[in-house]
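Number of protein chains: 2
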Amino acid sequence: MVKAAVLLYQRRMAVYTEVSDDALRAFLAEYGLGELQAFRGIAEGVENSNYALKTSAGDYILTLYERRVDPAELPYFLGLMEHLAAQGLACPTPVQGGDGEALRMLAGRPAAICTFLPGVWPRRIRPEHAAPLGAALAGLHVAGAGFAGRRPNALGPAGWAPLLERCRADGDAVQPGLMAELDATLAGILRDWPQALPEGQIHADLFPDNVFFLDEPPRVSGIIDFYFACTDLLAYDVAVCLNAWCFDADYAFNVTRAAGLLRAYHAVRPLSAAERAALPVLARGAALRFLLTRLFDWVNTPPGAMVTRKDPLEYLRKLRFFLRADSAEAIGG
Amino acid sequence: MVKAAVLLYQRRMAVYTEVSDDALRAFLAEYGLGELQAFRGIAEGVENSNYALKTSAGDYILTLYERRVDPAELPYFLGLMEHLAAQGLACPTPVQGGDGEALRMLAGRPAAICTFLPGVWPRRIRPEHAAPLGAALAGLHVAGAGFAGRRPNALGPAGWAPLLERCRADGDAVQPGLMAELDATLAGILRDWPQALPEGQIHADLFPDNVFFLDEPPRVSGIIDFYFACTDLLAYDVAVCLNAWCFDADYAFNVTRAAGLLRAYHAVRPLSAAERAALPVLARGAALRFLLTRLFDWVNTPPGAMVTRKDPLEYLRKLRFFLRADSAEAIGG
């Protein structure tokens, strides 16, 4: 009985949507991309189903949007990518079909084809990555300035208390005392959260696997996965990068790397004194945001599910570090 | 405690080996493939880690051989692919490094780069696939004739009784009475197994996801995944295809498709009267082989493991069908 239940669960829970030949052929007929030459599922990314698509016109990525993405928000994401690419940012560009539409349905899901970007995301972050990353992030913020779309950050400060509530029943089982610690921390972060910093279009999830590099010394050849992008404080995006890029494997904060990132960012888009002063609390907030979503996934993912759960406690360590950092200087600013 | 145990298990159990930038760079330096342009994990296949590799020289597949593959057998597999490709078969060709070697170590595992093959494997099998599949399988058998390597079939008749023993403790929990049914069936298959049929190099796992097609009407553009290849009865490979390609979604045997496959095979490599007469027992054996390996995986895969387990009972239905088929005619021959 247990085994039968597991079987049924796994059948429902496929990480990738399988696309039939007939559906793919009909879908591609909407585009002027020539003959299909290859079609392979990509193992990276857990939110959506991604396929590497090769046609006689070149290489593309086909994405099927899974249940975590609200279809109503796809026009914002695709519009933002189109805008950024038109401004010269190296990001996937949605390909329009003959009807002018980039978004259509495939295998029962919203789907889009985007251009392929060359490059490799860094499995090991080296000192040489910091400056090109900082410059690319600032370039993204500058390029986004003219985009009229607006999407509130569902995983911003207003979302953290409800998310914490949804983890409460099981959270202390992950680590004893965790809920009380997060309650106190969240209150402090919300109290100190800055109100009047510059806003714009932010990526909000600029982890190493979303940034492609090429050449030596490395240059950014592409920024991908805009499906957490939103309209929020620009400096919060910097704080996400301090979390995602500036800790060594032993969880020690790498202040040299952070300083290199911030200096390169500042050279393209100068940070105001207020933005700089807010970096510690913004970094605490970003650490809490990733801690909470990982914790939520952790306590809500059945052990038999075929998805990779990320360790929430990694972000508890980062959060505690940023709570001790009482100035921008302490974190490379 | 339960959660911590699951975490540790998942960390050990990564389906894909992650390759560091430095290791990849050093590895590629052994080849004359130009500049690295892209590197992405492929979601298909569970036995090994596969990466789509793009360099200025073209598209390639990098495979890291995981624990199911015995490193001592890799020279047979790579040598066979090299031989078949030299005979004109569309299969991955191992790329040799500057030292003349196709096999080296990467991230602690044996690894090889092979040429990329265009094409798409059929998610839905259509009548038009049967003839090109049959002709391609016969072409593989003919092309393999001159290859001197020899690898016994570890999953052939001699391997079935030991495999059944390793499933015995848990097998009846999957379906009551299953072990007794398989004991009786195995005895019958071994009693009837043919002794003097032509042998050669067989693929032994020619499922739809290992055959790429292009164009309309479809033609075979590539045969991949030779890591079950071995030296065994050629007609057994045909029997594997009868199992893997000739049942409809409702598990009804599609005798038209089987006849088309056999006719096209026969036109390239004529089946002897003895081979044809043996098809029913060979098909029973092939069904039992896939039933047993799936059953073994089923009862030995912890529910939390991040691998897709395939339903063993699909092959019980196929096995029962072939047990009722008492002549080659009944299965399209």
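Those sequence lines, one after another, are chains A and B. Okay, so the first sequence: first residue is 1 according to the working numbering, each after it adds one. Okay, so the second sequence: first residue is 334 according to the working numbering, each after it adds one. Heads up, the beta-carbon is just placed ideally off N, CA and C, and yes, glycines get one too.
Interface partners of residue i on chain B, CB under 9 Å
i, result
"valine 339 (chain A)", "A question about residue 339 (chain A) goes unanswered here, because the residues of chain A that appear run from 1 up to 333."
Chain A contact residues for residue i, given Cβ-Cβ distances below 7 Å
i, result
"arginine 457 (chain B)", "Ser20, Asp21 and Asp22"
"alanine 376 (chain B)", "Tyr16, Gly41, Ile42 and Ala43"
For residue j and residue i, the rounded distance between their alpha carbons
i, j, result
"glycine 171 (chain A)", "leucine 155 (chain A)", "18 Å"
"phenylalanine 540 (chain B)", "aspartate 183 (chain A)", "54 Å"
"arginine 442 (chain B)", "leucine 323 (chain A)", "41 Å"
"alanine 440 (chain B)", "aspartate 99 (chain A)", "47 Å"
"glutamate 727 (chain B)", "phenylalanine 654 (chain B)", "The structure shown does not extend to residue 727 (chain B), since chain B spans only 334 to 666, so no value can be given for it."
"proline 122 (chain A)", "phenylalanine 360 (chain B)", "16 Å"
"phenylalanine 546 (chain B)", "valine 553 (chain B)", "4 Å"
"aspartate 354 (chain B)", "arginine 124 (chain A)", "6 Å"
"leucine 621 (chain B)", "leucine 652 (chain B)", "6 Å"
"glutamate 434 (chain B)", "isoleucine 394 (chain B)", "16 Å"
"alanine 173 (chain A)", "tryptophan 631 (chain B)", "30 Å"
"aspartate 452 (chain B)", "aspartate 215 (chain A)", "A quick correction: the sequence has glycine, not aspartate, at residue 452 (chain B). Distance between the alpha carbons of glycine 452 (chain B) and aspartate 215 (chain A) is about 30 Å."
"glutamine 201 (chain A)", "asparagine 300 (chain A)", "30 Å"
"proline 337 (chain A)", "glutamate 380 (chain B)", "Because chain A is modelled from 1 through 333, residue 337 (chain A) falls outside the range shown and cannot be assessed."
"alanine 23 (chain A)", "phenylalanine 39 (chain A)", "13 Å"
"alanine 444 (chain B)", "leucine 397 (chain B)", "4 Å"
"arginine 483 (chain B)", "alanine 600 (chain B)", "26 Å"
"cysteine 579 (chain B)", "alanine 29 (chain A)", "29 Å"
"cysteine 91 (chain A)", "leucine 103 (chain A)", "17 Å"
"valine 211 (chain A)", "glutamine 96 (chain A)", "24 Å"
"arginine 257 (chain A)", "alanine 130 (chain A)", "6 Å"
"alanine 264 (chain A)", "threonine 115 (chain A)", "27 Å"
"tryptophan 160 (chain A)", "arginine 459 (chain B)", "51 Å"
"glutamate 351 (chain B)", "glycine 374 (chain B)", "9 Å"
"aspartate 644 (chain B)", "leucine 628 (chain B)", "8 Å"
"tyrosine 31 (chain A)", "alanine 376 (chain B)", "25 Å"
"arginine 317 (chain A)", "leucine 291 (chain A)", "10 Å"
"methionine 512 (chain B)", "leucine 117 (chain A)", "52 Å"
"glycine 412 (chain B)", "arginine 401 (chain B)", "19 Å"
"proline 527 (chain B)", "glutamate 608 (chain B)", "9 Å"
"arginine 617 (chain B)", "phenylalanine 559 (chain B)", "22 Å"
"glycine 58 (chain A)", "leucine 33 (chain A)", "8 Å"
Interface flag, residue i vs chain B, CB-CB below 8 Å
i, result
"alanine 158 (chain A)", "no"
Neighbouring residues, chain B, relative to residue i (Cβ below 7 Å)
i, result
"alanine 52 (chain A)", "Arg373 and Ala385"
Closer than 8 Å to chain C by CB, residue i
i, result
"alanine 582 (chain B)", "Of the chains in the structure shown, none is chain C; the protein chains are A and B."
Any C-beta of chain A under 8 Å from that of residue i
i, result
"methionine 346 (chain B)", "The predicted model places methionine 346 (chain B) with a pLDDT of 30, which falls under 50 and marks its position as unreliable; any figure quoted below should be read in that light. Cβ-Cβ to chain A under 8 Å: no for methionine 346 (chain B)."
Within 7 Å of chain B by C-beta, residues of the stretch 215-239 of chain A in sequence order: none
Residues, ordered as in the chain, of the stretch 600-623 of chain B that lie near chain A by beta-carbon distance below 7 Å: Residues of the stretch 600-623 of chain B with a C-beta atom less than 7 Å from some C-beta of chain A do not occur.
Chain A contacts from the stretch 471-486 of chain B (Cβ-Cβ distance under 7 Å): none
Cβ contact check for the stretch 643-663 of chain B and the stretch 599-617 of chain B: 3 or more pairs under 8 Å: yes
At least three beta-carbon pairs within less than 8 Å, the stretch 48-63 of chain A to the stretch 554-573 of chain B: The count of Cβ pairs closer than 8 Å, one atom from the stretch 48-63 of chain A and one from the stretch 554-573 of chain B, stays below three, leaving the stretches out of contact.
Segment contact, 8 Å Cβ cut-off, at least three pairs: the stretch 417-427 of chain B with the stretch 468-477 of chain B: Contact holds: three or more Cβ-Cβ distances are below 8 Å.
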